[in-house]
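The listed protein sequences derive, respectively, from chains A and B.
To convert, take the position in the first sequence, counting from 1, and add 896; that gives my numbering.
To convert, take the position in the second sequence, counting from 1, and add 175; that gives my numbering.
Just so you know, even glycine gets a beta-carbon here, dropped at the ideal spot from N, CA and C.
Structure first, commentary second.
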Amino acid sequence: MTLAAELGKPITLPTGPRIPARRRAVQISPSALLPFLLPLAVVLLWQAATSFGWITNRLMPAPIQVVWAFWDKLVTGELAVNIQASALRAISGLLVGGSIGFLLGLANGISRLSHALTDTTLQMLRTIPNLALIPLVILWFGIGEEAKLFLTALGVFFPIYLNTLHGVRNVDPQLIEMGRVYGMNGWTLFRKVIFPGALPSIFVGLRFSLGIMWLTLIVAESMAASSGIGHMANSAREFMMTDVVILALVIYALLGKLADVIALTLERLTLSWNPAYQKPVRT
Amino acid sequence: MTPSIRTKNVWGRDIEPEYETRSPRQRRDEPGVGIRIEGLSKSFDDVPVLHDLDLEVPAGQFLAIVGKSGCGKSTLLRLLVGLDTPTSGHIGFVGPDGAETEPSARIVFQEPRLLPWASVIDNVIVGLGEGVNKREARRRAEAALAEVQLAEKAGEWPSRLSGGQRQRAALARALVSQPGFLALDEPLGALDALTRITMQALIERVWREQGFTALFVTHDVGEAVALADRVIVLDEGRIALDIAIDHPRPRQRGAADLAEIEGRLLKGIFK
Ligand SMILES: Nc1ncnc2c1ncn2[C@@H]1O[C@H](COP(=O)(O)OP(=O)(O)O)[C@@H](O)[C@H]1O
Ligand SMILES: [Mg+2]
């Protein structure tokens, strides 16, 4: 039995357990700082290496220079414009590719006919790495926004499609039968049993697709763009502004982490019925 | 008639006070439906499972069905609640006026089959189907949970319940719509021996209070004899034995005449 068979969530949040929330006072224990020890050491070492001239500044700027570059881009407003451009591309790619993948995954999970018609074709297309399509995409769409949207949407599509399909197909058949005994059919059965049952799997697909979304976007933006983090990095390269290039990498990492944290939080909120997400009740 | 308050269960052990029968006995206005099965056959891919079965179950009867694994007990129940269609034959439900009706049939499976993403009370509300307003649905679900002594778990996730509590929630879900007929397919099969004892008393009590017709499949002949008005032995899709047990309730397990019936049933199963 897959995890997905046991997990899920209704569209409307269930009137769940009314266990009084025990909120811990916000306090940071020393052990919570442990994960940050290593990055801190690396930054210090990096700063030392550049200050003492062990590595040339031209190839690797000091951390403090990256901070200055950040400040510089921030006050000129360049950073906001570029982050906005990238985020907009990311979100629209996710929405377009994600919703098509979700709907097709549902359709193919529920309808045998739809599955027979489309699944083999989709599985074949899946074997083509989406970045290998770049030449074709440029021929089709030029180097404008459409090309980037197409590439990100395509990259996002497959993980969501596959995991939605898997989730729907693995909903516990005993629960579906139970639903039928109690007169559920069509939309009610979907809303109360199939969708919540498939949801954990859909989230797995979402988190996968977020990684692919950033990767595709980075490549697409360095290919050709007049805005965006990738564009910022690429034009900085032409002027040997290594600090800005590093800054772009840091921002990509932060955006990626942010997207993942949002997905995880959503997952936690909607799957609170799942024992894996329940905090033990202390009595 | 006021039944005596039970203090011993079917094995002669003391019953926890919370499982005492309510008194006076509360019967629903609308009693169970009778079941009329005529020439019922079912085959899967040309392999016959039920053969030309005839069975008449009076309204409100507690009928236990025993038999070897694979003899068609579950198939019979699934046909009765409409989860499968007969290959041939007729299943009719008879209302109090003697005319055939469309009953509200319910089934409790061996697994509780609760929606893990819905609270206990929302799972019970599933039993009401569509078209009952929210407040009314909640009220009735709370009453059904109280009936199975699970009121305090209404807001809990099913994953936090014990096996017996989950099965009680499933029972509440089946009973909340006050069905005329309830099928139970080895509902206690997955529970430990002690939980079975309390669950048996519970099932007997709600049956006595609500008056539905009960078809109770079990592999435990002792359980069948302790609970049922009548026990049938199913063998290769045919009724091999049909024994009425008009022993007064509450019954003491191990009573000589019950043991004698148990012996006859076992002989009927393994003849
Ligand atoms: N959906 C099905 N398809 C094919 N064979 C089935 C199906 N359901 C039950 N059977 C067969 O019918 C017979 C009776 O099964 P069942 O009614 O589940 O027996 P039991 O008395 O143990 O509940 C078994 O041999 C089983 O393999
Ligand atoms: Mg069975």
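Using a Cβ cut-off of 9 Å (strictly closer), state whether residue i contacts chain A.
i, result
"Arg-348(B)", "yes"
"Trp-292(B)", "yes"
"Leu-254(B)", "no"
"Ile-210(B)", "no"
"Ser-216(B)", "no"
"Arg-335(B)", "yes"
"Val-185(B)", "Residue confidence is low: Val-185(B) scores 42 on pLDDT, short of 50, so the model does not pin down where it sits. No coordinate-derived value is stated."
With a cut-off of 9 Å, does the C-beta of residue i fall near any C-beta of chain B?
i, result
"Arg-1076(A)", "yes"
"Leu-1071(A)", "yes"
"Asn-1170(A)", "yes"
"Val-1064(A)", "no"
"Met-1119(A)", "no"
"Val-1100(A)", "no"
"Gly-1005(A)", "no"
"Leu-1002(A)", "no"
"Leu-1165(A)", "no"
Just to make sure I have the definition right: I need the residues of chain D whose C-beta is within less than 8 Å of the C-beta of residue i. Which are they?
i, result
"Pro-931(A)", "No chain D is part of this structure, whose protein chains are labelled A and B."
State the DSSP-derived secondary structure class of residue i, mapped to helix, strand or coil.
i, result
"Ser-198(B)", "With a pLDDT of 33 at Ser-198(B), under the threshold of 50, the modelled position of this residue cannot be trusted, and the question is left open."
"Glu-453(B)", "The structure shown does not extend to residue 453(B), since chain B is modelled only from 176 to 446, so the question has no answer here."
"Asp-1068(A)", "coil"
"Asp-221(B)", "coil"
"Ser-216(B)", "strand"
"Ile-1024(A)", "coil"
"Thr-250(B)", "helix"
"His-1011(A)", "helix"
"Glu-331(B)", "coil"
"Leu-1151(A)", "helix"
"Gly-1124(A)", "coil"
"Gly-973(A)", "coil"
"Val-301(B)", "helix"
"Ile-210(B)", "strand"
"Leu-290(B)", "coil"
"Leu-228(B)", "strand"
"Ile-282(B)", "strand"
"Phe-1054(A)", "helix"
"Ala-316(B)", "helix"
"His-422(B)", "coil"
Going along chain B, which residues have a C-beta under 7 Å from residue i?
i, result
"Gln-1084(A)", "The question names Gln, but residue 1084(A) in the sequence shown is Thr. Glu-305, listed in chain order."
Taking residue i as part of the beta strand (DSSP E), name the residues at either end of that continuous run.
i, result
"Ala-419(B)", "413-419"
"Leu-239(B)", "In the sequence under discussion, the amino acid at residue 239(B) is Ala, which differs from the Leu named in the question. Its beta strand (DSSP E) spans residues 237-241."
"Phe-497(B)", "Residue coverage of chain B in this structure runs from 176 to 446, which leaves residue 497(B) outside it and unanswerable."
"Ile-407(B)", "405-410"
"Phe-356(B)", "356-360"
"Phe-391(B)", "388-392"
Run the CB neighbour count on residue i, radius 10 Å, all protein chains shown included, and call it buried at 16 or more, exposed below.
i, result
"Pro-333(B)", "buried"
"Met-1020(A)", "exposed"
"Val-1157(A)", "exposed"
"Phe-1099(A)", "buried"
"Val-400(B)", "buried"
"Met-1109(A)", "buried"
"Ala-1172(A)", "exposed"
"Met-1136(A)", "exposed"
"Val-283(B)", "buried"
"Arg-310(B)", "exposed"
"Trp-1083(A)", "exposed"
"Ser-947(A)", "exposed"
If the cut is a Cβ gap below 7 Å, which residues of chain A does residue i touch?
i, result
"Arg-288(B)", "Gln-1070, Leu-1071 and Met-1074"
Below 9 Å on C-beta distance, what does residue i contact in chain B?
i, result
"Gly-1079(A)", "Gly-304 and Glu-305"
"Pro-1092(A)", "Leu-290, Pro-291, Trp-292 and Ala-293"
Could you tell me the boundaries of the alpha helix (DSSP H) in which residue i lies?
i, result
"Phe-878(A)", "Since the first residue shown for chain A is 897 and the last is 1179, residue 878(A) is missing from the structure and cannot be characterised."
"Ile-1098(A)", "1091-1119"
"Gln-342(B)", "338-350"
"Arg-954(A)", "Segment: none, Arg-954(A) is in no alpha helix (DSSP H) and carries neither H nor E."
"Trp-1169(A)", "No alpha helix (DSSP H) holds Trp-1169(A); DSSP gives it neither H nor E."
"Asp-432(B)", "431-444"
"Thr-370(B)", "368-385"
Going along chain B in order, which residues have a C-beta closer than 8 Å to the C-beta of residue i?
i, result
"Lys-1088(A)", "Leu-290, Ala-293 and Val-301"
"Pro-926(A)", "Ordered by position in chain B, no residue passes the 8 Å Cβ test against Pro-926(A), which lies about 33 Å from the chain."
Give the interface partners of residue i over in chain A, defined as CB-CB distance under 8 Å, in chain order.
i, result
"Ile-282(B)", "Val-1077"
"Leu-258(B)", "Glu-1073, Arg-1076 and Val-1077"
Say the cut is 8 Å; is the CB of residue i nearer than that to a heavy atom of ligand 4?
i, result
"Asp-1068(A)", "Ligand 4 is absent from the structure shown, which contains only ligand 1 and ligand 2."
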